[in-house]
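Worksheet: one structure, shown below.
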Amino acid sequence: MNTLSNAVKLHVEDLGTNAPPLVFLHYWGGSSRTWHHVMQALTPAFRSIAIDHRGWGRSDKPSGAYTLDTLADDAQRLIDGLDLGRYILVGHSMGGKVAQLLASRHPAGLAGLVLVAPSPPSPMNLPLEIRQSMVKAYDSRESVLATVQQMLTASPLQPDDLETVVQDSLQGAPAAKAAWPLAASQEDISAQATLIRVPTLVISGEKDRVDPATVLQQELMTRIPHATLHVLPGIGHLSPLEAPGELSALIRDFATPLIAGSGEREAWQQ
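Numbering-wise (UniProt numbering), the sequence shown opens with residue 1 and increments by one.
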């Protein structure tokens with residue numbers, strides 16, 4: 001299905017009909033397809049909704065407006081349009097930083113937050129020349145494969161999953177490819193992160209070279225003191241594709257009691 005956000009058409013995957021709904025936000029370079037295995041595993045018990053961020057996947061690819069505020073607004077318009085009631089927000093990497101900002105606004109119905117290998121709320125601690133080189137990481141099949149092998153994964157992906165990563169990365173809008181490393185990753189939402197009040201689960205890969213657990217401990221966990229951290233042994237940055245079974249189980253165990261208890265959100269926000 002498609003939805004409109006400020007005149008930008010966004011592609012959305014919506015699986016299952018059972019409550020409670022889970023809303024998935026993907027990483028820089030990915031799409032809703034990044035969550036395919038996780039959504040399939042969870043759909044029998046949950047409604048799973050994944051958005052292609054503007055500039056990625058099958059969504060429109062405008063020439064500008066790729067700030068964290070814009071991406072969070074897109075997600076909020078989707079949630080409001082679907083009238084979800086209580087829901088869990090799940091964000092991966094860039095999508096994790098977007099999810100932090102959205103959760104800090106205390107949106108109606110948000111019952112919990114899952115941050116998968118999230119970019120921390122503080123600016124990405126990389127020199128400008130390194131971030132400039134990141135802009136070209138998805139320019140060719142060869143550069144994507146090198147990025148996957150050298151940075152994003154700790155073990156080989158299944159061939160079909162690797163092809164999905166390659167195609168999603170190549171199809172990204174030039175403006176979206178540049179916006180994250182040069183601008184959005186440098187936005188400082190540390191103050192907003194301290195305002196998050198819902199139960200929060202942070203999931204990190206033991207071998208994540210992009211946003212390691214040590215960085216998350218210092219830059220994220222200190223700002224969301226009620227958050228809990230789970231580290232997946234032997235896993236890199238792309239846990240939705242490297243370890244979908246383990247990730248799905250963690251999300252299921254976290255989400256089920258939150259949605260079941262009608263007073264959970266109100267208690268956490270007091």
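Backbone N, C-alpha and C fix where the C-beta goes; we use that ideal spot for every residue, glycine too. In this text, all values refer to a predicted model and were calculated from it rather than measured experimentally.
Exposed or buried, what is residue i when buried is set at 16 or more other beta-carbons lying within 10 Å of its beta-carbon?
i, result
"His26", "buried"
"Ile130", "exposed"
"Ala243", "buried"
"Leu128", "exposed"
"Thr34", "buried"
"Gly234", "exposed"
"Pro44", "exposed"
"Glu219", "buried"
"Thr228", "exposed"
Am I right that residue i and residue j are in contact with their C-beta atoms under 8 Å? What's the rounded C-beta distance?
i, j, result
"Phe46", "Leu22", "5 Å"
"Ile79", "Tyr87", "7 Å"
"Gly172", "Gly29", "6 Å"
"Ser93", "Gln192", "The pair is not a contact, with the Cβ atoms about 18 Å apart (cut-off 8 Å)."
Can you give the Cα-Cα distance for residue i and residue j, rounded to whole angstroms?
i, j, result
"Leu238", "Asp83", "30 Å"
"Pro257", "Ser140", "44 Å"
"Arg54", "Pro225", "31 Å"
"Pro240", "Leu247", "7 Å"
"Lys177", "Ser31", "13 Å"
"Ala213", "Gln149", "19 Å"
"Ala7", "Gln167", "25 Å"
"Ser59", "Leu126", "29 Å"
"Ala255", "Asp160", "29 Å"
What does a CB cutoff of less than 7 Å around residue i pick up in its chain, not counting 5 residues either side in sequence?
i, result
"Ala111", "Arg86, Tyr87, Ile88, Val198, Leu258, Ile259, Glu264, Arg265"
"Ala72", "Val98, Leu101, Leu102"
"Arg253", "Going by the sequence as given, residue 253 is Asp instead of Arg. Excluding positions up to five away in sequence, the list is empty."
"Asn18", "Ala45, Phe46, Arg47"
Within the same chain, show all residues whose beta-carbon is closer than 8 Å to that of residue i, passing over the 5 residues directly before and after it, in chain order.
i, result
"Ser143", "Lys136, Ala137"
"Pro107", "Gln76, Ile79"
"Pro123", "Ser185, Gln186, Glu187, Asp188"
Tell me which residues share the same chain as residue i and place their Cβ nearer than 6 Å to its Cβ, disregarding the 5 neighbours each side in the sequence.
i, result
"Arg37", "It should be pointed out that residue 37 corresponds to His in this sequence rather than to Arg. Closer than 6 Å at Cβ, skipping near neighbours: Pro244."
Item to check | In chain order, each alpha helix (DSSP H) run of at least 4 residues that lies wholly inside the region 132-169 | outcome: List check, alpha helix (DSSP H) in window: 141-147.
Item to check | Complete beta strand (DSSP E) runs within the region 77-103 (minimum length 3 residues, chain order) | outcome: Qualifying beta strand (DSSP E) stretches, in chain order: 87-92.
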